[in-house]
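Student: Below you will find the structure I want to go over with you.
Residue numbers (the numbering used here): 317 to 398.
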């Protein structure tokens with residue numbers, strides 16, 4: 317099972333996040349979304365959410381993750397068990 321992902325973050329349609337598509341054997345299986353807080357009174361930070369492809373839609377899985385790799389593992393874990 318070959319898992320790969322886009323190397324570049326692409327702007328998401330929501331205008332607030334960026335995404336990397338995740339593939340299994342060159343077929344899309346999900347995406348990782350990167351969020352950033354940019355409040356003036358708080359320290360900028362970022363977090364990641366994982367979304368699994370279900371038909372033509374994406375469904376968020378788990379909660380927010382601190383690192384890209386952790387969110388990616390959430391997708392891989394679910395795909396391997398299917």
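Even glycine gets a Cβ: it sits at the ideal position worked out from N, Cα and C.
Quick check: the Cα distance between residue 394 and residue 354, rounded to an integer number of angstroms?
Tutor: The sequence position of residue 394 within the chain shown is 78, counting from 1. The sequence position of residue 354 within the chain shown is 38, counting from 1. So the two alpha carbons sit approximately 32 Å from each other.
Student: Tell me whether residue 394 sits in a helix, a strand or coil according to DSSP, three-state version.
Tutor: As a working note, residue 394 is residue 78 in the chain shown. Residue state, collapsed to three classes: helix.
Student: Given that a residue counts as buried once 16 or more other Cβ atoms are within 10 Å of its Cβ, and exposed if not, what is residue 365?
Tutor: Here residue 365 refers to the residue found at position 49 when the chain shown is read from its first residue. It is buried - the Cβ of residue 365 has at least 16 other Cβ atoms within 10 Å.
Student: Can you find the residues in the same chain that come closer than 6 Å, C-beta to C-beta, to residue 335, ignoring five residues on each side of it along the sequence?
Tutor: Locating residue 335 in the chain shown gives position 19, counting from the first residue. Excluding residues within five positions, the ones whose Cβ falls inside 6 Å are 326, 328, 347 and 349.
Student: With a cut-off of 8 Å on the beta carbons, I'd call residue 375 and residue 367 a contact; round off their distance for me.
Tutor: Taking the first residue of the chain shown as 1, we reach residue 375 at position 59. Taking the first residue of the chain shown as 1, we reach residue 367 at position 51. Indeed, because the Cβ distance is near 6 Å, the residues count as touching under 8 Å.
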